[in-house]
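Participant:
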Amino acid sequence: MFELTGKTALVTGATGGLGAQIARALHNQGAKVVLSGTREAVLNDLAAELGEGAFVAACNLSDAAEVDGLIAKAEAAAGSPLDILVANAGITKDGLILRMKDEDWEAVIKVNLESYFRLSRAAVKGMMKRRHGRIIGITSVVGVMGNPGQTNYAASKAGMIGFSKALAQEVASRNITVNCIAPGFIASPMTDVLNEQQRDGILSKIPAGALGEGTDIAAAAVYLASNEAGYVTGQTLHVNGGMVMI
Amino acid sequence: MSEVLERVRKIVIDHLDADPDKVTEKASFIDDLEADSLDIVELVMAFEEEFDIEIPDDSAEHILTVGDAVNYIQEKLSA
Numbered sequence: 001m002f003e004l005t006g007k008t009a010l011v012t013g014a015t016g017g018l019g020a021q022i023a024r025a026l027h028n029q030g031a032k033v034v035l036s037g038t039r040e041a042v043l044n045d046l047a048a049e050l051g052e053g054a055f056v057a058a059c060n061l062s063d064a065a066e067v068d069g070l071i072a073k074a075e076a077a078a079g080s081p082l083d084i085l086v087a088n089a090g091i092t093k094d095g096l097i098l099r100m101k102d103e104d105w106e107a108v109i110k111v112n113l114e115s116y117f118r119l120s121r122a123a124v125k126g127m128m129k130r131r132h133g134r135i136i137g138i139t140s141v142v143g144v145m146g147n148p149g150q151t152n153y154a155a156s157k158a159g160m161i162g163f164s165k166a167l168a169q170e171v172a173s174r175n176i177t178v179n180c181i182a183p184g185f186i187a188s189p190m191t192d193v194l195n196e197q198q199r200d201g202i203l204s205k206i207p208a209g210a211l212g213e214g215t216d217i218a219a220a221a222v223y224l225a226s227n228e229a230g231y232v233t234g235q236t237l238h239v240n241g242g243m244v245m246i
Numbered sequence: 001m002s003e004v005l006e007r008v009r010k011i012v013i014d015h016l017d018a019d020p021d022k023v024t025e026k027a028s029f030i031d032d033l034e035a036d037s038l039d040i041v042e043l044v045m046a047f048e049e050e051f052d053i054e055i056p057d058d059s060a061e062h063i064l065t066v067g068d069a070v071n072y073i074q075e076k077l078s079a
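Chains as they are written, first to last, in the UniProt record's numbering: chain A, 1 to 246; chain B, 1 to 79.
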C-alpha cells in the first residue's frame, strides 16, 4: 500500500521542518524527490541525507519567472517527468489589519497562493498528457477557522483550498487529483517561538492534548500522493488532533 | 492536401487517439472526434507550439472543426 516507487515528486519549502518530513516520507515510499527552497545549502544537506533519488532545485517563490520555470527545472534535475507536486512552502507576515502593510499582504499572497497557481499550471500540462498526477497543497487550519493577526495568511490558505477545488474539477477526467492538507498546530520553529501561556492556550483547544508532529502531515501526504487515493479529489484533509472538525 | 492540414491532422490524431479516416477538414472536434473542453485547450496549445503562433482565447472559441484550425493557422502564418 502507498508504494511510490517509480514516481517523481517535487516538494517546495523543503528547507523547513515540515517540508523535509514530507520529502523524507515520500522518498521512504520509493519516490524520487526534488527538494526546493531558497537555502541551497540546507537542500543539499537534506539531499545528501536521503541519498539516491534525491535532487535539489532551488527556487525563490516570490519571483514569478523562477516559479514558472521550477517544474521544468525539477524534471531536469530528476531526469523524469513529475507525478507529484507538494506545494508546501509558506511564509507568515503577521500583524493586525490596521498595522498591516501592503507589502506584508502582497508577499504572503504571492508566496503562499500565487506560487501554488503558477506551479500547478505548469505541472498540470505534463500530467494531463500522461493522464496521471497528484497535486497536494499544504494549507492550514487557519484558512478554515481564521486567526487574529493573520488576515493575509488565512486568506492565502483559504485561497489554496478554493483553488484546489476548482482545479480538481478541471482535471479530474485526466486522472489528476488535487487535494489540500490542513495541519493544525504542528511542532515546528513557528510554534517553538510561542511562550508557555500561548502554548497552554493552544493545547487546551486540542482534544488530542498535544501538538502534531511533521510526520503526521507527511503520512497524509504519502496517502494523497499514492495510487490508492485516486478517488479522493478536491478535498482538504484536516490533521489537527481534533482541534477543528469540519 | 496542404502542409498545414497534414500537421494539424497529425496533432489531432495523436492527441485524441482518433481514427485517421475520421479526421477530415469537416470533422468537429467535439461532435465527431469526441473531444472534451480540456482536449480543445490542449489541442490549441499543441497548435501554438507546432506553428509557433499565439491563438488568443476569443479566436480559439471559433475553432470548432479541423478545417477551422487549418484556416486560422494559415491566416496567421501568412499575416
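Yeah, the Cβ is synthetic: ideal placement off N, Cα and C, and Gly gets one too.
1) Output the residue ranges of the alpha helix (DSSP H) runs that lie fully inside the segment 21-77 of chain B and measure 4 residues or longer, sorted by chain position.
2) For my contact list, residue 75 (chain A) and residue 56 (chain A) are in at a C-beta cut-off of 8 angstroms; report their separation, rounded to the angstrom.
3) On the three-pair Cβ rule with 8 angstroms, is the segment 132-149 of chain A touching the segment 191-207 of chain A?
4) Starting from the C-beta of residue 127 (chain A), find all residues in its chain whose C-beta is less than 6 angstroms away, skip the five residues before and the five after it, and write them out in chain order.
5) Could you name the residues of the segment 116-143 of chain A whose beta carbon sits closer than 9 angstroms to any beta carbon of chain B, in the order they occur along the chain?
6) For residue 9 (chain B), which of helix, strand or coil comes out of DSSP?
7) With 9 angstroms as the limit, tell me which residues of the segment 149-182 of chain A have their beta carbon closer than that to any beta carbon of chain B; keep them in chain order.
8) Cβ atoms of residue 71 (chain A) and residue 113 (chain A): under 8 angstroms apart, would you say?
9) Is the Cβ of residue 36 (chain B) closer than 8 angstroms to any Cβ of chain A?
10) Go ahead and label residue 30 (chain B) buried or exposed: buried means 16 or more other beta carbons lie within 10 angstroms of its beta carbon, across all protein chains shown.
11) By DSSP, does residue 183 (chain A) sit in helix, in strand, or in coil?
12) Please decide whether residue 42 (chain B) counts as near chain A, where near means a Cβ-Cβ distance under 8 angstroms.
13) Who does residue 165 (chain A) pair with in a DSSP beta bridge?
14) Three or more C-beta pairs under 8 angstroms: does that hold for the segment 194-214 of chain A against the segment 160-171 of chain A?
15) If you follow the beta strand (DSSP E) that residue 237 (chain A) is part of, which residue opens it and which one closes it?
16) Using 8 angstroms as the threshold, is the segment 85-100 of chain A in touch with the segment 15-30 of chain A, meaning 3 or more CB pairs across them?
17) Who are the Cβ neighbours of residue 107 (chain A) in its own chain at under 7 angstroms, not counting the five residues just before and after it?
18) Below 8 angstroms, how does it come out for the segment 56-66 of chain B and the segment 5-23 of chain B: are there three or more Cβ pairs, yes or no?
19) In the DSSP assignment, what are the bridge partners of residue 136 (chain A)?
20) For the beta strand (DSSP E) holding residue 55 (chain A), just list the boundary residues, first then last.
21) Using a Cβ cut-off of 8 angstroms (strictly closer), state whether residue 201 (chain A) contacts chain D.
22) Under DSSP, the alpha helix (DSSP H) around residue 211 (chain A) begins and ends at which residues?
23) Residue 119 (chain A) lies in the alpha helix (DSSP H); which residues open and close that run?
24) Of the residues A:29, A:158 and A:151, which one's Cα is nearest the Cα of residue 100 (chain A)?
25) In whole angstroms, give me the CA-to-CA distance for residue 51 (chain A) and residue 24 (chain A).
26) With DSSP as the reference, label residue 15 (chain A) as helix, strand or coil.
27) Would you call the CB atoms of residue 42 (chain B) and residue 48 (chain B) closer than 8 angstroms?
28) Residue 35 (chain A) to residue 47 (chain A), Cα distance in whole Å?
29) How many angstroms separate the CA atom of residue 1 (chain A) from the CA atom of residue 29 (chain A)?
30) What's the gap between the Cα of residue 26 (chain A) and the Cα of residue 220 (chain A)?
31) To the nearest angstrom, how far is the alpha carbon of residue 16 (chain B) from that of residue 130 (chain A)?
32) Leaving out the 5 sequence neighbours to the left and right, which residues in its chain are closer than 8 angstroms to residue 206 (chain A) when beta-carbon positions are compared?
33) Might you give, ordered along the chain, the residues of its own chain that have their beta carbon closer than 7 angstroms to the beta carbon of residue 26 (chain B), omitting 5 neighbours on each side?
Facilitator: Concretely, from the data shown:
1) 37-51 and 57-60
2) Between residue 56 (chain A) and residue 75 (chain A) the Cβ distance is about 13 angstroms, and since that is not below 8 angstroms, they are no contact.
3) no
4) 133 and 176
5) 125, 128 and 129
6) helix
7) 170, 171, 173 and 174
8) No.
9) yes
10) exposed
11) strand
12) yes
13) According to DSSP, which records beta bridges pairwise, residue 165 (chain A) is partnered with nothing at all.
14) When Cβ pairs closer than 8 angstroms are counted between the two stretches, the segment 194-214 of chain A is seen not to touch the segment 160-171 of chain A, the count staying below three.
15) 236-239
16) Touching, yes, given that three or more Cβ pairs across the two stretches are closer than 8 angstroms.
17) Closer than 7 angstroms at the Cβ level, and outside the excluded window around residue 107 (chain A), lie 62, 91 and 93.
18) yes
19) A:86 and A:179
20) 54-56
21) Note that chain D does not occur in the displayed structure, where the protein chains are A and B.
22) Note, residue 211 (chain A): premise wrong, no alpha helix (DSSP H); not H, not E.
23) 115-130
24) Looking at the Cα atoms, A:151 is the closest of the given residues.
25) 11 angstroms
26) Looking at residue 15 (chain A) - three-state DSSP - the assignment turns out to be coil, as it is neither helix nor strand.
27) For residue 42 (chain B) and residue 48 (chain B), no; Cβs fall outside 8 angstroms.
28) 7 angstroms
29) 9 angstroms
30) Distance between the alpha carbons of residue 26 (chain A) and residue 220 (chain A): 10 angstroms.
31) Straight across, the Cα-Cα distance linking residue 16 (chain B) with residue 130 (chain A) is about 13 angstroms.
32) 184, 185, 240, 241, 242 and 243
33) 65 and 67
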